[in-house]
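Be aware that the sequence shown starts at 0, since it is given in numbering that gives the first Met the number 0, and climbs by one per residue.
One structure below.
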Amino acid sequence: MIFKYPIKRSFKVCYYALMVLCMSGMIPTEARKSKNLPYGTIVIDPGHGGPYIGSASPSQQVIEKHAVLELALLLADRLRAKGFTVVLTHTGDYALDPRDLINDLKMRAYIAREVKADILVSLHLNSSPNEKIRGFEVYVPYEDKFPMKSYALASAIHYDLSHEVKPEFGGGTLGNVNTIDLGIRASKFNVLVHSVCPSVLVELAYLSHKETEKQLLTKAYKDTLVDALYLGIQRYFVHEKSASRASKVLPSL
Ligand SMILES: [Zn+2]
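Next up, the structure:
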């Protein structure tokens, strides 16, 4: 185990932070009544904040924590306009636990648990020493508690990233020799393994790729990524709704 603090203290820190978040209005009361809402509750996690900057592009013009927060805020607006309840794990440049990175990551999953989220989507940008690598990956939790649902969510988002992100932006499995689409993979990322709802972590692009770095500064590319996430999440809920209808009409054995 690599926890800096004993488990008891971690839970104390989590509980305190969650109380602060609730009191500050960051977690809306109605989010806890997700079962009564037509579309459910989505937790969007901009993967880094505060002292945990994530990756940085070669020229330092794009810092992961800033870029994923901007994308998360845009995505939240789109989903809310469609009728979803959206809770962000943080809405500014701060850490959930500035003293303990591991706990900071776990707390993102605890927020999803607190609001009884239907899904958790954690947003990241990747980096590699091989600056030719570009593209995206979608991760599901290793030893997932909701293997079918997490995979369905990952597949939906992966489908729309594959179709919405044009080859010149590193999308598509054909047409760009520099594109490396690593597909859907399982991971022991803290935010995933501590989640108690269907969850995915999306590495949207490689910051270490110089052309991608430039594109990440454009509105067109940001809009494309947000469109893909928005469509993928909607696709998942449509799929879930029809799956639940189908299960109701199946004869019991
Ligand atoms: Zn990251």
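Glycine is no exception: its CB is placed at the ideal position from the N, C-alpha and C atoms.
Being a predicted model, the structure only gives us computed values, none of them experimental.
Using a Cβ-Cβ cutoff of less than 6 Å, which residues in the same chain neighbour residue i once the five nearest sequence positions on both sides are dropped?
i    : result
A185 : V139 and Y141
D92  : G48
V195 : R112
H193 : K105 and A108
F145 : P197
Y150 : V139
Given the structure, does residue i come close to ligand 1, in the sense that its CB is under 7 Å from one of the ligand's heavy atoms?
i    : result
G53  : yes
E63  : yes
H123 : yes
G134 : no
H261 : Shown here, the chain extends from 0 to 252; a query on residue 261 therefore has no answer.
G46  : yes
Is the Cβ-Cβ distance between residue i and residue j less than 8 Å?
i    : j    : result
L104 : N189 : yes
I232 : L87  : no
L68  : S121 : no
L160 : A227 : yes
V42  : V137 : no
L100 : S54  : no
S56  : E210 : no
P50  : P97  : yes
K221 : L72  : no
V85  : L216 : no
T40  : A108 : no
E202 : F135 : yes
H157 : I183 : yes
K240 : P197 : no
A155 : H238 : yes
Check the C-beta distance from residue i over to residue j and give it rounded, since I have them as a contact under 8 Å.
i    : j    : result
R133 : Y205 : 5 Å
For residue i, collect the residues of the same chain with a Cβ closer than 7 Å to its Cβ; drop the 5 residues on either side in sequence, then sort them by chain order.
i    : result
L74  : I43, V225, L228 and Y229
A94  : G48, G49, P50, Y51 and D103
S126 : S54, Y205, L206 and S207
H89  : P45, G48 and L95
Near residue i, which residues of its chain fall below 8 Å by C-beta distance, leaving aside the five closest residues on each side in sequence?
i   : result
M22 : Low confidence applies to M22: its pLDDT is 34, below 50, so where it sits in the model is not reliable, and the reading given next is rough at best. Excluding positions up to five away in sequence, the list is empty.
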